[in-house]
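J.:
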Amino acid sequence: MGRLQNSVSMMCADFIDLKSSLDTFSRKGVDYLHIDIMDGHYVPNFTLGPDFCARLSAHSAIPLDIHLMIENVDLFVPTFSRARGSLISFHPDASRHPLRTIDLIRASGCRPGIAIDPAMSLETVKAMLFDVDFVLVMTVSPGYAGQKLIPRTLEKIAELKTWLKKQGIAIPIEVDGNVSWENLPRMILAGGDIFVTGTSSVFESGALLGDSLDRISRIFAEHERSGA
Ligand code: DX5
Ligand code: ZN
């Protein structure tokens, strides 16, 4: 869990220039492609879908990091688990029995994660964290790119990190929402391991994609942790 990782947010990518962006991601060693799935019900927005996931995994060797912001999660696990080994996170308030959903994702050959809304307390999800491969902490409310960090979520990451250590649960914390140049170092210090980079950093307008990815790598290198 020592290495810091970059999961680029595909909803923020330039769809007209996707092929060249994917080449740049590979060249620059991007760790995951973060794919936000919204259904217009769980969140009031629509973004990417299963065909997009299939096209990406056919054209890129970078693993998928699928973030389900949908209701009826169990119903759609088979649809989103086609690329084996993908990370798949879901919001536990959208599942009647989250432990069953976790098992379902694992049985489909993918790696389950719990996503925590900023308004959801850690207490609510602790009983689920013994069974997942990662935990995603949302630092903005789910649904849209380009929102402002909710600062209290930084303390939540730190508290979660301490609790996981105490329990001996060695899973990474993914941080999603307003991972900006300014916020990223604070999120790393709080205990984040995987960072979803979107409009606030990698896809900010006016900068070259390759340069922004290098800038992320430099910040990671400056903050690289030793051991756990
Ligand atoms: C929501 C998304 C957004 C977004 C991240 O789940 O993952 O948080 O794409 O990019 P920002 O917040 O930098 O626009
Ligand atoms: Zn997301």
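Residue numbers for the sequence shown follow the working numbering, beginning at 61 and rising by one. Positions of the beta carbon are idealized from the N, C-alpha and C atoms, including for glycine.
1) Would the C-beta of P202 count as close to the ligand DX5, meaning under 7 Å from any of its heavy atoms?
2) Tell me whether P123 sits in a helix, a strand or coil according to DSSP, three-state version.
3) Helix, strand or coil: how does DSSP classify F280 here?
4) What's the C-alpha gap between V239 and V195?
5) Could you tell me how far apart the beta carbons of P168 and V137 are, in whole angstroms, since I believe they sit closer than 8 Å?
6) What is the DSSP secondary structure of G145, reduced to helix, strand or coil?
7) Rounded to whole angstroms, what is the Cα-Cα separation between W241 and I148?
8) Please say whether Y102 and I130 have beta carbons closer to each other than 8 Å?
9) With H, G and I counted as helix, E and B as strand and the rest as coil, what does DSSP make of M71?
10) Note the first and the last residue of the continuous beta strand (DSSP E) segment covering M247.
11) Can the beta-carbon of I210 be found less than 8 Å from the beta-carbon of S67?
12) Kindly list the residues whose CB is nearer than 7 Å to the CB of H94, restricted to its own chain and excluding five residues on each side of it in sequence; keep chain order.
13) Should H151 be listed as close to the ligand COA, given that the test is whether its C-beta is under 7 Å from any heavy atom?
14) Taking only heavy atoms of the ligand DX5 into account, decide whether any of them is closer than 7 Å to the Cβ of Q207.
15) Using three-state DSSP, classify A175 as helix, strand or coil.
16) At what residues does the beta strand (DSSP E) containing D96 begin and finish?
17) Excluding the five sequence neighbours on either side, which residues of its own chain have a C-beta within less than 7 Å of the C-beta of F263, listed in chain order?
T.: For this structure:
1) P202 has its Cβ nearer than 7 Å to a heavy atom of the ligand DX5.
2) Coil at P123, not helix or strand.
3) F280 falls in the helix class under three-state DSSP.
4) Near 16 Å, if we compare the C-alpha coordinates of V195 and V239.
5) Looking at the sequence shown, residue 168 is not Pro but Ser. Sure, about 6 Å apart at Cβ, within 8 Å.
6) Residue state, collapsed to three classes: coil.
7) So the two alpha carbons sit approximately 26 Å from each other.
8) Pairing I130 with Y102 gives a Cβ-Cβ distance under 8 Å.
9) Residue state, collapsed to three classes: helix.
10) Secondary structure note for M247: it is in no beta strand (DSSP E), and the uninterrupted alpha helix (DSSP H) holding it is N243 to A250.
11) With contacts defined as CB atoms closer than 8 Å, I210 and S67 fail to qualify as a contacting pair.
12) Counting only residues of its own chain and dropping the five nearest sequence neighbours on each side, H94 has a CB closer than 7 Å to the CB of S67, V68, S69, M70, D125, H127 and V256.
13) The model depicted lacks the ligand COA and carries the ligand DX5 and the ligand ZN instead.
14) Using a cutoff of 7 Å, the CB of Q207 counts as near the ligand DX5, since one of the ligand's heavy atoms is closer than that.
15) In the three-state reduction of the DSSP assignment, A175 falls in the strand class, which pools E and B.
16) D96 -> beta strand (DSSP E) spans Y92 to M98.
17) Around F263: C72 and A73.
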